[in-house]
Amino acid sequence: MSKSPTISFIGAGNMASTIIGGMLDNGYKAGEIWVSAPDDEHLQGLRKRFGICVTTDNRYCAQQSDIVVLAVKPQVMASVCEDIAAVVRNTRPLMVSIAAGLTADTIDGWLGGGVPMVRVMPNTPSLVGKGAAGLFANSRVSEQQKNDVTAIFDSVGSANWVQQEEQLHAVTALSGSGPAYFFLMLEALEEAATNAGMAAETARELAIQTMAGAAEMAARSDLEPAQLKRNVMSPGGTTEQAVNTFEQGGLRELVQKAYSAAYTRSQEMAKELAGK
Numbered sequence: 093m094s095k096s097p098t099i100s101f102i103g104a105g106n107m108a109s110t111i112i113g114g115m116l117d118n119g120y121k122a123g124e125i126w127v128s129a130p131d132d133e134h135l136q137g138l139r140k141r142f143g144i145c146v147t148t149d150n151r152y153c154a155q156q157s158d159i160v161v162l163a164v165k166p167q168v169m170a171s172v173c174e175d176i177a178a179v180v181r182n183t184r185p186l187m188v189s190i191a192a193g194l195t196a197d198t199i200d201g202w203l204g205g206g207v208p209m210v211r212v213m214p215n216t217p218s219l220v221g222k223g224a225a226g227l228f229a230n231s232r233v234s235e236q237q238k239n240d241v242t243a244i245f246d247s248v249g250s251a252n253w254v255q256q257e258e259q260l261h262a263v264t265a266l267s268g269s270g271p272a273y274f275f276l277m278l279e280a281l282e283e284a285a286t287n288a289g290m291a292a293e294t295a296r297e298l299a300i301q302t303m304a305g306a307a308e309m310a311a312r313s314d315l316e317p318a319q320l321k322r323n324v325m326s327p328g329g330t331t332e333q334a335v336n337t338f339e340q341g342g343l344r345e346l347v348q349k350a351y352s353a354a355y356t357r358s359q360e361m362a363k364e365l366a367g368k
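Take the sequence shown: its letter number 39 is residue 131 in this note's numbering, and every next letter is one higher.
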């Protein structure tokens with residue numbers, strides 16, 4: 093970006109704080125970032141930590157910036173949007189929602205309509221700068237605005253755009269819920285190793301480092317995961333025996349079933365929220 097836009101966060105939870113920290117680490121100016129929340133004590137802690145501008149007034153916060161990030165829980169989104177709607181109609185900022193389940197049209201309606209809107213599905217590894225966010229923009233968002241939002245979420249990992257909003261359910265089932273899938277594998281590997289007599293601390297360290305190393309290899313390689321897997325396997329060796337056991341046990345089918353369950357639940361939750 094030739095010039096960083098000013099940015100306001102309505103809501104000051106963990107994800108907002110994480111994004112702010114990543115932005116500052118990537119060259120954004122603290123004086124161009126505003127945050128609002130009801131808890132002034134918490135806000136003052138953020139001000140001291142980051143040097144950003146804070147206020148308990150959502151409307152005043154929204155009025156300050158080119159981009160307004162809605163970082164509140166879905167259950168309170170309607171009241172927050174209705175509170176700042178008049179300001180948004182007057183200043184016409186880009187609105188960015190990181191609330192799961194609420195559609196762009198629903199939020200746009202609460203804001204009075206005709207608003208440029210981006211929906212983002214971030215995930216918890218954003219907390220360590222390794223996030224994977226899925227993003228959708230409505231037709232009123234410009235290319236420059238998309239670039240601005242990409243830069244924000246690249247500061248805590250990677251930003252990946254989808255063309256249809258419905259695809260955010262697929263994002264939720266993959267990267268949104270995905271960290272828990274890998275934690276489950278870590279848990280299972282640690283348990284298997286300790287059952288074989290390994291110290292739990294050693295098992296955990298080896299499992300974590302192995303997963304991190306495999307992820308880094310996949311990220312750096314042009315090879316497909318299937319080929320990377322074959323490269324570890326020797327005919328008749330230990331890896332082949334383990335992988336064959338996974339395949340024969342229906343791992344692929346189980347992963348598909350789990351993914352489909354998360355995808356379906358994401359759709360159901362969106363309908364439940366829309367009904368409120």
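Just so it is clear, CB atoms sit at the ideal spot from N, CA and C, and this is done for glycine as well.
Closer than 7 Å by C-beta to residue i: which residues in its own chain qualify, once you throw out the five before and the five after it? Chain order, please.
i, result
"Ile300", "Leu278"
"Leu116", "Ala122, Phe142"
"Gly249", "Pro217, Ser218, Gly221, Lys222, Gly223, Ala224, Ala225"
"Asp149", "Ser128"
Considering only residues of the same chain and omitting the five flanking positions on each side of residue i, which have a CB-CB separation below 8 Å?
i, result
"Met325", "Thr331, Glu332, Val335"
"Lys321", "Val335"
"Pro271", "Asn215, Thr216, Pro217"
"Asn106", "Leu219"
"Met93", "Low per-residue confidence applies at Met93: pLDDT is 39, beneath 50, and the placement is therefore not dependable enough to give any value."
"Arg139", "Cys145, Val146"
Could you name the residues of the same chain whose beta carbon sits closer than 6 Å to that of residue i, not counting the 5 residues immediately before and after it, in chain order?
i, result
"Asn118", "Ser247"
"Ser267", "Asn215, Ala224"
"Asn252", "Gly226"
"Met187", "Val160, Val207, Met209"
"Gly367", "none"
"Asp158", "Pro97, Thr98, Pro185"
Taking C-beta to C-beta, are residue i and residue j nearer than 7 Å?
i, j, result
"Val220", "Pro185", "no"
"Val164", "Ile144", "no"
"Ile125", "Ile99", "yes"
"Met169", "Leu203", "no"
"Gln156", "Val179", "no"
"His261", "Gln359", "yes"
"Ala196", "Asn230", "yes"
"Thr302", "Ala295", "no"
"Ser372", "Ile176", "Since the first residue shown for the chain is 93 and the last is 368, residue 372 is missing from the structure and cannot be characterised."
"Ser269", "Ala192", "no"
Pick out whichever of the options has its Cα sitting closest to the Cα of residue i.
i, options, result
"Val263", "Gly105, Ser231, Arg211", "Arg211"
"Asn182", "Arg151, Gly123, Asp314", "Arg151"
"Gln259", "Phe228, Gln236, Leu135", "Phe228"
"Phe245", "Tyr273, Arg232, Met213", "Met213"
"Ala280", "Gln136, Glu174, Ser352, Phe338", "Phe338"
I'd like the ranges of any alpha helix (DSSP H) spanning at least 4 consecutive residues and lying wholly in the segment 156 to 239. Runs found: 166 to 183, 196 to 202.
In chain order, which alpha helix (DSSP H) runs of at least 4 residues are fully inside the segment 313 to 345? The qualifying runs are 317 to 324, 330 to 340.
What ranges does the beta strand (DSSP E) occupy inside the segment 95 to 161, keeping only unbroken runs of at least 3 residues that lie completely in it? Taken in chain order, the whole beta strand (DSSP E) runs of length 3 or more contained in the segment 95 to 161 are 99 to 102, 125 to 128, 145 to 147.
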